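Contents: one structure, followed by commentary.
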Amino acid sequence: MYQSEYPERIGPIRSAREAFIDVALGYDPLFIAHGFSPGAEDRLYSQEIDQLNGMDYDGTLFARDSERVAPHNSFVRVDELLTTASDHGMNTEMTVDIPFSFAEDNFQGEVAEQIVVSYQDANYAEYRFNENEDVYVRYNNGEPLVDGDTLDAYEVDNLLIVEAPHAVIDDAGRRHIDFLNGGDGLLIRNGKSQEIQWKNENNQIVPVDESLALGNTWVNIVPSLQSVTIYSDLERE
Numbered sequence: 628m629y630q631s632e633y634p635e636r637i638g639p640i641r642s643a644r645e646a647f648i649d650v651a652l653g654y655d656p657l658f659i660a661h662g663f664s665p666g667a668e669d670r671l672y673s674q675e676i677d678q679l680n681g682m683d684y685d686g687t688l689f690a691r692d693s694e695r696v697a698p699h700n701s702f703v704r705v706d707e708l709l710t711t712a713s714d715h716g717m718n719t720e721m722t723v724d725i726p727f728s729f730a731e732d733n734f735q736g737e738v739a740e741q742i743v744v745s746y747q748d749a750n751y752a753e754y755r756f757n758e759n760e761d762v763y764v765r766y767n768n769g770e771p772l773v774d775g776d777t778l779d780a781y782e783v784d785n786l787l788i789v790e791a792p793h794a795v796i797d798d799a800g801r802r803h804i805d806f807l808n809g810g811d812g813l814l815i816r817n818g819k820s821q822e823i824q825w826k827n828e829n830n831q832i833v834p835v836d837e838s839l840a841l842g843n844t845w846v847n848i849v850p851s852l853q854s855v856t857i858y859s860d861l862e863r864e
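Using my numbering, the first residue of the sequence shown is number 628, and each one after it goes up by one.
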């Protein structure tokens, strides 16, 4: 989700799921995807949300990167994206308020040098704290994850991990995720982790009574916080 800073191009762009639409609706977005699940297709073309999809613009607005293998090779240039959306009368400016509070306070919590969020099979997301820059760096397979165009490492000021019930809804393994009722979570920033509660406020995921550090925020959604492991140093290496 991009709001104040945009790369020159976005991608690779993958297919939409209903849960993605549920999260996006709270932010008055222009929703971008390439493909969809059956349920997401019905919602996307019901005019529930302003959207552009690669199924309608494959090879034009959504360009294929010849150095990547499909379906991981669909990209859009932001300037062309916004022009196309504007030409179709779609909103390209966020008009809703974001109920986050920001503070450079003395954030209290347990030391969190390394965070591993495990998903099914061998998939996991890893973040390591860079004390010199006061940010977390996203890692894949023991190496920093970098932007394919700029080669800059992905850096995160706030890591918000929220627990939301998941339920498998079809034979393909698609899931319904309950974003309505809030629940337990973790806020990780400035090298520390704190247990929090989160709530759904106007279809937005919001930490209760906690301030974020100035900067960007990445959100990980998990069925259980038991899938999150926090290390006080870089033990996992």
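Glycine is no exception: its CB is placed at the ideal position from the N, C-alpha and C atoms.
These figures come from a predicted structure and were not determined experimentally.
What residue range is occupied by the uninterrupted beta strand (DSSP E) comprising residue i?
| i | result |
| --- | --- |
| Phe-647 | Note, Phe-647: premise wrong, no beta strand (DSSP E); alpha helix (DSSP H) at 645-651. |
| Asp-669 | That residue, Asp-669, is in no beta strand (DSSP E); its alpha helix (DSSP H) goes 665-671. |
| Tyr-858 | 855-858 |
| Pro-834 | 831-834 |
| Ile-659 | 657-660 |
| Asn-843 | Premise fails: Asn-843 is in no beta strand (DSSP E) and is neither H nor E. |
Would you report the Cα separation of residue i and residue j, rounded to the nearest angstrom?
| i | j | result |
| --- | --- | --- |
| Tyr-672 | Ala-780 | 36 Å |
| Tyr-751 | Asp-677 | 31 Å |
| Thr-711 | Gln-853 | 43 Å |
| Ile-815 | Pro-698 | 32 Å |
| Glu-736 | Asp-784 | Rather than Glu, the amino acid found at residue 736 in this sequence is Gly. Each residue's Cα considered, the two are about 15 Å apart. |
| Asn-847 | Val-744 | 8 Å |
| Val-833 | Lys-826 | 5 Å |
| Ile-634 | Val-705 | Position check: residue 634 holds Pro in this sequence, whereas Ile was assumed. Going by the C-alpha atoms only, they are around 7 Å apart. |
| Asp-776 | Met-628 | 18 Å |
| Ala-690 | Pro-665 | 24 Å |
| Leu-813 | Gln-824 | 8 Å |
| Ala-667 | Asn-759 | 42 Å |
| His-715 | Asn-808 | 35 Å |
| Ala-651 | Arg-644 | 11 Å |
| Asp-774 | Met-682 | 25 Å |
| Val-835 | Gln-821 | 12 Å |
| Pro-850 | Val-723 | 28 Å |
Do residue i and residue j have their CB atoms nearer than 7 Å?
| i | j | result |
| --- | --- | --- |
| Tyr-754 | Leu-778 | no |
| Glu-782 | Asp-811 | no |
| Asn-817 | Phe-734 | yes |
| Ser-642 | Phe-658 | no |
| Ile-648 | His-661 | no |
| Ser-728 | Ser-631 | no |
| Ile-804 | Ala-646 | yes |
| Ala-749 | Ile-857 | no |
| Asn-830 | Gly-653 | yes |
| Gln-741 | Leu-861 | yes |
| Ser-701 | Gly-638 | yes |
Taking residue i as part of the alpha helix (DSSP H), name the residues at either end of that continuous run.
| i | result |
| --- | --- |
| Tyr-684 | 681-684 |
With a cut-off of 8 Å on the beta carbons, I'd call residue i and residue j a contact; round off their distance for me.
| i | j | result |
| --- | --- | --- |
| Pro-771 | Val-762 | Incorrect: roughly 12 Å between the Cβ atoms, too far for contact. |
| Arg-801 | Val-703 | Arg-801 to Val-703, Cβ: 25 Å. No contact. |
| Met-873 | Asp-655 | Absent from the model: residue 873. The displayed extent of the chain is 628 to 864, so no value can be given. |
| Glu-675 | Leu-688 | The pair is not a contact, with the Cβ atoms about 21 Å apart (cut-off 8 Å). |
As an exercise, report each continuous beta strand (DSSP E) stretch of at least 3 residues that is fully enclosed by the region 688-769, in chain order. Restricted to the region 688-769, the beta strand (DSSP E) segments that are unbroken, complete and at least 3 residues in length are 701-704, 741-745, 751-757 and 762-767, listed in chain order.
Report the residue ranges of all beta strand (DSSP E) runs contained in full by the region 768-822; include only those spanning at least 3 residues, in chain order. If we require 3 residues or more, the beta strand (DSSP E) runs fully inside the region 768-822 come out as 785-790, 793-795, 802-804 and 810-816.
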